[in-house]
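The next block holds one structure in the form of structure tokens; read it before the comments.
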Amino acid sequence: MPERLSLPFVGRESEIRQARTFLNLSEYRASGSTLVVRGDSGTGKTTFIKKVLSLEVAKAKKDPLCLYIDLSNDEFRSSQLLSNLLTISLVSGAATEGYPTNVPLGASYGDFKKKYADRRREGMGFLRTLAHALGAFAGFRAKKAVEAALGSTEEAGSELLEAEVSLFLHWVSQNRPVAIAIDNVQFLNLETRLTLESILQRVGSNIRLVCIDRTIEGESELDLPVRCFEKLITIDLDAFSESETGEVIFGALDIDEEAVPQIAADIFSKTGGVAKDLEFCLRRLAIGLSSGSQDIAVEGLITSIDKLPLIYRQFLIVATLLDGGVWKELAKRAISRVAFTASRGDLEEVVVELVSREYLELSDSEQGELIRPGHERVVQAVRELAEADEELQNEVRRSLVDEFIATWECGEVKDGETYLLHCLIGLQTAEELARNLHYISMLARSQYRVEQFAYLATLAVDIYEILPLLPEEVLSKLLDAMQKNSSFDKGLELVRFLRRHDSVDGDKLLLFEFKFLTQLYQYEDALQLSGSLPMGPWATIYRLNILMALDRFDEAKKLASLALDSAELSEPVAVILRNTVTLFPSEVSLRNLQRARSYFNRSGSRFKCATVDTNKSLVYLNMGALGDAARVLDRAISNMSAVGSNEIYQAFVNLGLRYAAKGRYGHAISFMRKASLRIPRTLLLDLIKVEMNSIVLMRLAYVTPVREMEESLQKSLDMLSGVNMPYLRQALNHNISMCRALRSDKSGLSAQGIPGYASDFVTLMFPLSDTAAPKVEWLTLLSVHWRY
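Going by my numbering, the residue at position 432 of the sequence shown is 440; the numbering climbs one at a time, nothing skipped.
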């Protein structure tokens, strides 16, 4: 295989200077910073950041720790990220321009383990963590070998990994800068990304986070922008100009300078100056030059792929049909269905040739090697060609579907059923899926059992047009998943869509509609609907929710007491016990919550147990039992993380206020920021609540000027115009009155003097004393699960 060309950084000099000045790995800093490099596919982001990091590491006076992970490599994806941060820093090693990971002597993870062996968890637990890390870094075979030695296949808990990464980074950042570079950050799931950002915020000082974000026509694919630290810079990379293309060609190839303009014009017309396309062209040109050819035709990426033999293009189509890659053996069997004369040896030779040209790459999985495109530019080129030859695309797609079905029916893959079902659904058209609804039903049921609500909410949107054909119990699971993932607006839309098609029992849809209306704060519509609700314990829950939302606590308490006095413990009764946490004295609420958690624990629902623990934290925080609050919130966050629910934001809010109660306002602000990132944009009142909390915490942490604070609170209050949310409006008005009292040098008003503040009961209000003005008491709002 010809050696990869090194393209010079023509036209990137100012960006390099800007990035290096910002990172400056020679400088010690009291707080962290974030660099985001953005650009469309193929604009040279990876090469750019590798160059910048290698230059900075070489210049730094004190050896920095620099860790680089490319998430386009399957070994490094999502849940394996934290493991890999530890694994690649396990032993010392020097950075190179191609791989800018730099682990100095005395600052490796191995050194950390030796130095703090007496303070860390010892024995089997840590070895399992290491097994997990090895599996992520070196492939599943290494992991299996370590697990076999341990006699167990149990994976390490996420909490242990998170703690280990935090301790290691805190230790190493005391004496040297730390740079963590995440390439292709758009492949990282939100939960893992927020976990990493939380760790870095906790470690804080001397950390540089570098994120490489691939855009599409200048627009980021990230649901939420990267905002790990306040100190942030974004650098956008564009394609080369024609003159810059000429300079790249002259710097990369040994050719006569007079020939450059003509070649540059030709290549620029075929690549548009996109760095990756330019590299493909130059590599083909270099091969021709090295063979002594005098007349070399320059081909663009699309042209060179279009000229490949048919079987080569079929492999490329297979590789681009599924984002996660395709098992090589399965891909070969799928191609053999349409290329009848090809032998297994011929197929293997095709794969080897495509890998050597860097059109494909191979990576390990537990079921064998995966084939995937060598670069996103290859995907784009293949899809453009497929649009011009739909018949070839459909022939290959149908062959791959047939192979997935055959693999599924023969039970050949024991551990990959979910993957097979997901692929079958993703590859088929709506018409084909309508004839194979059992695949969707099986996948929905299996993912609901393991509480993968975010996945199911996305699945429902993807198969929207055939939803009315699914069984009613599957549709109920999808609606429930949207509820538990806070996809309330999409859930309400789906309810109304299913009603038009008469797909689900009318009473069930009515209950779901009431839930979603309540969760979207459309209380007037919900109240109008409440009279039509079918009688029963679930209807009682939803009426209770409305009464509590409107601060009609006396009516709510009477209704709750009536429902609890005469009912045996069941799921709706357990929900009432959980939801009514703010209606009863602390000791009563704790007993109720314990009964609810015992019930949900027996049913095996991690999500529902997490909601109870979040509400328990309310009681403990109001009692001043901060240790108990931290314990139940850690458990809630762990369970919410496991099921991937956005409702984790409620636990983040309460954990943040727990830190505030201990005077650790920086940590508190960090958790409010994490919470705000997870709140769906449709939940405006929750966003306002977290914003108000953050304003108060900024005052306590940095003594924000009172006038500035008052203006921010007033903006939040103005956003409540026309919305009936008494406790939120009350808290905002109180805090604004505190600002005005401070500005006029009047003494503060105690929270107990606020109308409706019931100090003998568990409430949403959580007062914090002002460190700069002890007579002033600010109100913050805890978060409580009661909406469903």
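Glycine is no exception: its CB is placed at the ideal position from the N, C-alpha and C atoms. Because the structure is a prediction, the values reported are computed rather than measured.
Item	Value
Helix, strand or coil for N110, going by three-state DSSP, please let me know.	strand
Can you list, in chain order, the residues of its chain with a C-beta nearer than 7 Å to that of N493? Leave out the 5 residues immediately preceding and following it.	F461, A462, A465, S653, N654
Looking at I379 and L368, is the spacing between their C-beta atoms short of 8 Å?	yes
Under the DSSP definition of a beta bridge, which residues are partnered with L5?	Nothing can be reported for residue 5, as the shown portion of the chain is limited to 9 through 796.
Who are the near neighbours of L240 in its chain, counting only those whose CB is closer than 6 Å to its CB and skipping five residues on each side?	T42
If the criterion is Cβ atoms closer than 8 Å, does the pair T548 and R586 meet it?	no
Might you give, ordered along the chain, the residues of its own chain that have their beta carbon closer than 6 Å to the beta carbon of I90, omitting 5 neighbours on each side?	A quick correction: the sequence has Leu, not Ile, at residue 90. Taken in chain order, the residues that qualify are L169, V173.
Which first and last residues belong to the alpha helix (DSSP H) in which R666 is found?	656-669
With distances taken from CA atoms, which of P545, A187, K624, V596 is nearest C219?	A187
Mapping DSSP to helix, strand and coil, what is L598?	helix
Give the secondary structure of L736 by DSSP, where H, G and I count as helix, E and B as strand, and everything else as coil.	helix
Would Y76 pass as a contact of A189 if the rule is Cβ separation under 8 Å?	yes
Leaving out five residues on either side along the sequence, give the residues of the same chain with a beta carbon under 6 Å from the beta carbon of A644.	A618, D621, T622, A659
Nearest to G797 by CA position, among V65, K121, S371, is which residue?	What the structure shows of the chain is the stretch from 9 to 796, and residue 797 is not part of that stretch, so it cannot be assessed.
Can you tell me the Cα-Cα spacing of A780 and L708, whole angstroms?	8 Å
Identify whether I207 lies in helix, strand or coil by the three-state DSSP scheme.	helix
Where does R385 fall in DSSP's three states?	helix
State the Cα-Cα distance for the pair S720 and Y735, rounded to the nearest angstrom.	18 Å
From the DSSP output, in three-state form, read off E377 for me.	strand
Put G434 into one of helix, strand or coil per three-state DSSP.	helix
Does the beta-carbon of A396 have 16 or more other beta-carbons within 10 angstroms, so that it is buried, or is it exposed?	exposed
Return the chain-ordered list of same chain residues with a C-beta closer than 8 Å to the C-beta of F592, the five sequence neighbours on each side being excluded.	K565, N600, F769, V770
For the structure I just gave you, are there three or more beta carbon pairs, one from the region 244-260 and one from the region 198-218, closer than 8 Å?	no
Near K152, what residues of its chain come up, given a Cβ to Cβ distance below 7 Å and the 5 sequence neighbours on each side ignored?	Caution applies to K152, whose pLDDT of 40 falls short of 50 and renders its modelled position unreliable; the model cannot decide the point.
My output table needs one value for E459: the three-state DSSP class, helix, strand or coil.	coil
Report back the beta-carbon spacing between I584 and L555 to the nearest angstrom; my notes put them in contact at under 8 Å.	The Cβ separation is near 12 Å, so there is no contact.
Where in the region 492-537 do unbroken runs of the beta strand (DSSP E), each at least 3 residues long, occur, reported from the N-terminal end onward?	none
Could you check what DSSP says for P580 in three-state terms: helix, strand or coil?	helix
Which residues does DSSP list as the beta-bridge partners of T223?	D48, S228
Quick check on DSSP: helix, strand or coil for P763?	Low confidence applies here, because P763 scores a pLDDT of 43, under 50, leaving its location unreliable; read the following figure in that light. In the structure shown, P763 sits in coil (DSSP, three-state: anything other than H, G, I, E or B).
Quick one: grab the DSSP three-state call for W786.	strand
Have a look at A676, D470, A452, L506 and flag the residue whose alpha-carbon is nearest the alpha-carbon of V482.	A452
Span of the beta strand (DSSP E) holding I243?	240-244
Is the beta carbon of F522 less than 8 Å from the beta carbon of Y550?	yes
Near E366, what residues of its chain come up, given a Cβ to Cβ distance below 6 Å and the 5 sequence neighbours on each side ignored?	G382
Report the CB separation of I448 from I471 in whole angstroms; it is logged as a contact under 8 Å.	6 Å
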